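Per the working numbering, residue 8 is the first one in the sequence shown, and the count goes up by one each step.
Virtual Cβ for every residue (Gly too), placed ideally from N, Cα, C.
In this text the structure is predicted, and so the values were computed from the model without any measurement.
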Amino acid sequence: MPARGITHQNRDFDWGACAQEDVFARLGTSLRGLTQEEARRRLEQYGPNEPARAQTHTVVFQFFSKFLNPLVIVLLVIAAFSLSFGEQVSAAFVILMAVMSAGLSFWQEYRAGREAEALSEMVRTTATVSRDGRPKEVKMREVVPGDLVHLSAGDMIPADLRIVSCKDLFVNEATLTGESFPVEKTAEPREPRAGPATENIVFMGASVVSGTALGIAVRTGLATRFGELSRRLAALPGESAFDRGIRSFTWMMIRAMLVLVVCIFAINALFKQRDTVSAFLFSLSVAVGLTPEMLPMLVAVNLSQGAIAMARKAVIVKRLSAIQNFGAMDVLCTDKTGTLTLDRIVLERHCDVVRKEDDDVLRLACLNSYHQTGLKNALDRAILKRTRQMSREYRKVDEVPYDFSRKMMSVVVEMDGAHRLIAKGAPEEIFRRCSRYELDGEIFEMEQFILTDLKAECDELSAEGFRVLAVAYRDFEPVKEAYSRNDEDGLILKGYLAFLDPPKPTARRTIEILRQLGIEVKVLTGDNELVTQKICEEVGLDVKGIVTGEIVEKASDAELGEVVKTASVFARLSPLQKERVIHSLHGLGHIVGYLGDGINDAPALKAADVGISVNNAVDIAKESADIILLKKSLLVLRDGVMEGRRTFGNILKYVKMGSSSNFGNMVSMTGASIFLPFLPMLPIQILLNNFLYDISQAAIPADLVDDEYLRRARPWNTRYIERFMLVMGPISSIFDFLTFAVLLWLFRASAALFHTGWFLESLCTQTLVIHIIRTGKVPFVESAPSPLLIFSSVYIVTIGVFLPFTGLGRHFGFVPPPATYFAALAAILGLYLLTVEYVKRWFIRRYGYE
Numbered sequence: 008m009p010a011r012g013i014t015h016q017n018r019d020f021d022w023g024a025c026a027q028e029d030v031f032a033r034l035g036t037s038l039r040g041l042t043q044e045e046a047r048r049r050l051e052q053y054g055p056n057e058p059a060r061a062q063t064h065t066v067v068f069q070f071f072s073k074f075l076n077p078l079v080i081v082l083l084v085i086a087a088f089s090l091s092f093g094e095q096v097s098a099a100f101v102i103l104m105a106v107m108s109a110g111l112s113f114w115q116e117y118r119a120g121r122e123a124e125a126l127s128e129m130v131r132t133t134a135t136v137s138r139d140g141r142p143k144e145v146k147m148r149e150v151v152p153g154d155l156v157h158l159s160a161g162d163m164i165p166a167d168l169r170i171v172s173c174k175d176l177f178v179n180e181a182t183l184t185g186e187s188f189p190v191e192k193t194a195e196p197r198e199p200r201a202g203p204a205t206e207n208i209v210f211m212g213a214s215v216v217s218g219t220a221l222g223i224a225v226r227t228g229l230a231t232r233f234g235e236l237s238r239r240l241a242a243l244p245g246e247s248a249f250d251r252g253i254r255s256f257t258w259m260m261i262r263a264m265l266v267l268v269v270c271i272f273a274i275n276a277l278f279k280q281r282d283t284v285s286a287f288l289f290s291l292s293v294a295v296g297l298t299p300e301m302l303p304m305l306v307a308v309n310l311s312q313g314a315i316a317m318a319r320k321a322v323i324v325k326r327l328s329a330i331q332n333f334g335a336m337d338v339l340c341t342d343k344t345g346t347l348t349l350d351r352i353v354l355e356r357h358c359d360v361v362r363k364e365d366d367d368v369l370r371l372a373c374l375n376s377y378h379q380t381g382l383k384n385a386l387d388r389a390i391l392k393r394t395r396q397m398s399r400e401y402r403k404v405d406e407v408p409y410d411f412s413r414k415m416m417s418v419v420v421e422m423d424g425a426h427r428l429i430a431k432g433a434p435e436e437i438f439r440r441c442s443r444y445e446l447d448g449e450i451f452e453m454e455q456f457i458l459t460d461l462k463a464e465c466d467e468l469s470a471e472g473f474r475v476l477a478v479a480y481r482d483f484e485p486v487k488e489a490y491s492r493n494d495e496d497g498l499i500l501k502g503y504l505a506f507l508d509p510p511k512p513t514a515r516r517t518i519e520i521l522r523q524l525g526i527e528v529k530v531l532t533g534d535n536e537l538v539t540q541k542i543c544e545e546v547g548l549d550v551k552g553i554v555t556g557e558i559v560e561k562a563s564d565a566e567l568g569e570v571v572k573t574a575s576v577f578a579r580l581s582p583l584q585k586e587r588v589i590h591s592l593h594g595l596g597h598i599v600g601y602l603g604d605g606i607n608d609a610p611a612l613k614a615a616d617v618g619i620s621v622n623n624a625v626d627i628a629k630e631s632a633d634i635i636l637l638k639k640s641l642l643v644l645r646d647g648v649m650e651g652r653r654t655f656g657n658i659l660k661y662v663k664m665g666s667s668s669n670f671g672n673m674v675s676m677t678g679a680s681i682f683l684p685f686l687p688m689l690p691i692q693i694l695l696n697n698f699l700y701d702i703s704q705a706a707i708p709a710d711l712v713d714d715e716y717l718r719r720a721r722p723w724n725t726r727y728i729e730r731f732m733l734v735m736g737p738i739s740s741i742f743d744f745l746t747f748a749v750l751l752w753l754f755r756a757s758a759a760l761f762h763t764g765w766f767l768e769s770l771c772t773q774t775l776v777i778h779i780i781r782t783g784k785v786p787f788v789e790s791a792p793s794p795l796l797i798f799s800s801v802y803i804v805t806i807g808v809f810l811p812f813t814g815l816g817r818h819f820g821f822v823p824p825p826a827t828y829f830a831a832l833a834a835i836l837g838l839y840l841l842t843v844e845y846v847k848r849w850f851i852r853r854y855g856y857e
């Protein structure tokens, strides 16, 4: 039967307002479902029932994409120039650094991606449909418009469906809307109104909590709500705060390198009249010397170590740069349902008519839930989890099933020879059927003030996020053989039950820890503002203001920027409104994390600097996230923040040391080129110097980080690094010039001795200064480096000292210096390190410690 009216799977058509006959006619189907041939034709016409996915690339492409890092590109350009002038050794060294950096980064992210894919493959991906009049299990991607889909408890909704028949159907739409409680669905059409009817529509990505249903697929694939959202997410991820910081630092170094290299080339080629090739090779060596070539590899090693440390704590890091962003994060936005809360309904109260806890109310509710023949919904399971005591001691006689219009259900049990009807349902429906109430074992005629007070209590509980059910009963004597709706009048009101999706046990402690770490927590949820405020207060979040989706929608970008500065709770947000709040926080200069697990969280997860999800999140949320938590405890967030800050602290040690030392050396090189009749250091010696001190810095990822440093977020601050380089670099140059003076005036150094003497001083200062720069405290006294960093420093300095006395040293153009030079060198080193410590303290007082 050909379908009409679905050629473009119109998203705006109100299927909920259509009569069932019209739905079948429009979709060209029947209660027998589609034929196999028609389903095949429609699959070709409408395409697979899949959301949009980000473009995937081959392993080879992923590996080579890691070479697009700005610093790696600079290294490869330098290597290319070196090769073109026959400098194979220097080119090989630089290429090795680039390959190791790209390889480490690729391997860690590839491994994390495989682990995330393994989690996705554990999700059930089939649906049951009617084909040729018989139920058939098909892959979800093969569901087409017009398919008749069978639903039962636990099923994922495979497409947007119009319900045509159902029994006790409750659907969890938390992943789509943020609504904590299951939503009841019906097959009845709704009158057309301003917004589309959804009471008889279930959406792709939701799940069946209880009941059974038949539904017709009215929208599939990209035409569904889920698909429309996924299309936005298929775009390439934006640049994170860490990536922006690396790019900014790289361009700063490139600018400094170009200025100094041009100056050195001009001095040597034009003023010193040296041959152009020799001057260019020397300038190229200077460029290598100024480039922190170990930075890409050290970044990769640091981030990989952070990822490994997080893996031990059951955390998958999909994108390495997210580790640093985790530590730099100063605002964490989080969904409510399933993140701050358990995403599980719990019975919180069972009270009599005057709000006192009453176990008899729980006992009657338990009998009702236990003996009903329908599938147990989330509220029934919450009741039965509290107690099943005595449920089996009573014989069930009959029941009056739940229906959508009555919003209640009753069971009849035999108690002491009599029959008792126990009713449980919506308070307003139960209250109007009650003529009496029970209190402390006595029965009284119903009075209006009792009902008024109870209605106010139920309304107040509902406003706080509770789902409320009333419990009543009626005794029958003489007994009857069968019971009906007519027997649900004249009830005796016993009390009420209050249910809640409670906060996770670790939520309050986690928020307090994040606050101590200088991270502001904001809640972004699709749930209503009253429910959200209740949960926020329970977890200790300071509710500074509640902003609804309507306000976000109407606000201009500037107005929203003012709102997000102070508001801590955002409720009734759509997925795209959550994303907009994240972008607004970015506009204020914040580094933003987002914690969520639902379909409605996916755009925010993608927009955040670090997106955090959980292992039982929907696939699209896990795809959008950078980090996946495998445990339910939120306390692992603290571990992630601390690991991120520790990682960034160690990266910044090398950045500050490398940029300032290299800059100082290049200033010295420029100055020496002016007055020396020979090159201040041979190109091969510059490369060897860099190679040796880079090896000493390879221990930085294992270094300790001061506790004080970890107490607050520290984003990339290129301006701070530039100041540090411009202040500390010239100090190195001053002592270089002092070394020049000692070599030329005291030792009457030849070119070879000058090269050797400066090589030793340069290597020792660069290797040892890390111990001053690595901490804002007094080194070794108030802050001790790791044993590995101490060993690597001593090891490299020892190699440097003995190198001129070896045959290898002679190969590099070194000569043994006189013994008295080492005494002078020790004095220069001691004075240099004391000066750096003094200037560091001044710098910290003026600019702070980052």
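For residue 384 and residue 580, I'd like the C-alpha separation in whole angstroms.
27 Å
Is there contact between the region 212-220 and the region 26-45, where contact requires at least three CB pairs shorter than 8 Å?
Touching, no, given that fewer than three Cβ pairs across the two stretches are closer than 8 Å.
Work out the CA separation of residue 303 and residue 772 for me, nearest whole Å.
CA-CA distance, residue 772 to residue 303, rounds to 23 Å.
Near residue 306, what residues of its chain come up, given a Cβ to Cβ distance below 6 Å and the 5 sequence neighbours on each side ignored?
658
Are the CB atoms of residue 248 and residue 564 within a distance shorter than 8 Å?
In this structure, residue 248 does not lie closer than 8 Å to residue 564 by Cβ.
For residue 524 versus residue 441, is the C-beta spacing smaller than 8 Å?
no
Out of 174, 477 and 560, state which residue places its alpha-carbon closest to the alpha-carbon of residue 462.
477
Go to residue 687, then tell me how far its beta strand (DSSP E) extends in each direction, as first and last residue.
Per DSSP, residue 687 belongs to no beta strand (DSSP E) and is neither H nor E.
Suppose you measure from the CA of residue 69 to the CA of residue 653; what does that come to, to the nearest Å?
27 Å
State the start and end residues of the unbroken beta strand (DSSP E) segment that holds residue 463.
First-last for residue 463: 455-470, but that is the alpha helix (DSSP H), not the beta strand (DSSP E).
Using the Cα positions of residue 129 and residue 562, report the straight-line distance between them to the nearest angstrom.
Note that residue 129 scores a pLDDT of 44, beneath 50, so its modelled location is shaky and nothing firm can be said.
Of all the alpha helix (DSSP H) runs that stay within the bounds of the region 64-90, which reach a length of 4 or more residues?
Complete alpha helix (DSSP H) runs here, min 4: 66-72.
Taking the C-alpha atoms as reference points, what is the distance between residue 636 and residue 532?
20 Å
If distances are taken between C-alpha atoms only, which option among 857, 452 and 434 comes closest to residue 719?
857
Throw me the rounded Cβ distance for the residue 166 and residue 227 pair, which I believe falls under 8 Å.
5 Å
Using CA atoms only, rank isn't needed, just tell me which of 794, 530, 275 and 838 is closest to residue 681.
From the listed residues 794, 530, 275 and 838, the smallest Cα separation to residue 681 is found for 275.
Taking Cβ positions, are residue 217 and residue 181 nearer each other than 8 Å?
In this structure, residue 181 does not lie closer than 8 Å to residue 217 by Cβ.
I need the boundaries of the alpha helix (DSSP H) containing residue 438, first residue and last residue.
434-438
Would you report the Cα separation of residue 413 and residue 545, rounded to the nearest angstrom?
34 Å
I want to know whether the region 756-771 touches the region 815-833 - three or more CB-CB distances under 8 Å.
Taking a cut-off of 8 Å on C-beta distances, the region 756-771 touches the region 815-833, as three or more cross pairs fall below it.
Could you give the uninterrupted runs of the alpha helix (DSSP H) lying entirely in the region 607-667, keeping only those of 4 residues or more?
Within the region 607-667, the runs of alpha helix (DSSP H) at least 4 residues long that lie entirely inside it are, in chain order, 609-614 and 626-631.
If you compare alpha carbons, which of 253, 698 and 780 is closest to residue 734?
780
Is it a yes or a no for the region 258-274 touching the region 185-194, going by three-plus beta-carbon pairs under 8 Å?
no
Within a Cβ cutoff of 8 Å, which residues of the same chain sit near residue 770, ignoring the five residues on either side of it in sequence?
696, 699, 700, 803, 804 and 807
May I ask you to report which of helix, strand or coil DSSP gives residue 825?
DSSP, read as helix, strand or coil, puts residue 825 in coil.
Is the closest heavy atom of the ligand FAD to the C-beta of residue 481 under 7 Å?
The ligand FAD is absent from the structure shown, which contains no ligands of any kind.
Under the assumption that residue 392 contacts residue 472 (Cβ atoms under 8 Å), give the Cβ distance between them as a whole number of angstroms.
Not a contact, Cβ separation roughly 19 Å.
Who are the near neighbours of residue 745 in its chain, counting only those whose CB is closer than 8 Å to its CB and skipping five residues on each side?
835
Below 8 Å on the Cβ atoms is my guess for residue 422 versus residue 409; work out the distance and round it to an integer in Å.
Not a contact, Cβ separation roughly 22 Å.
Could you work out which residue in 290, 312, 505 and 793 is closest to residue 365 when comparing CA atoms only?
505
Report all residues from its chain with a CB closer than 7 Å to the CB of residue 436; omit the five preceding and five following residues, and keep chain order.
Excluding its 5 nearest sequence neighbours in each direction, residue 436 has C-beta neighbours in its own chain below 7 Å: 413, 414 and 415, listed in chain order.
Any idea if residue 493 is buried or exposed, counting beta-carbon neighbours within 10 angstroms, 16 or more meaning buried?
Here residue 493 is exposed: its Cβ has fewer than 16 other Cβ atoms, across all protein chains shown, within 10 Å.
Would the region 329-348 count as touching the region 579-596 if we require 3 or more Cβ pairs under 8 Å?
Judged by Cβ distances under 8 Å, the region 329-348 makes contact with the region 579-596, as three or more pairs qualify.
What separation, rounded to the nearest whole angstrom, lies between the Cα atoms of residue 268 and residue 290?
The alpha-carbon atoms of residue 268 and residue 290 are separated by roughly 5 Å.
Taking the C-alpha atoms as reference points, what is the distance between residue 481 and residue 448?
Spanning the two alpha carbons is a distance of roughly 14 Å.
Taking residue 751 as the reference, give the member of 730, 844 and 687 with the closest Cα.
Looking at the Cα atoms, 687 is the closest of the given residues.
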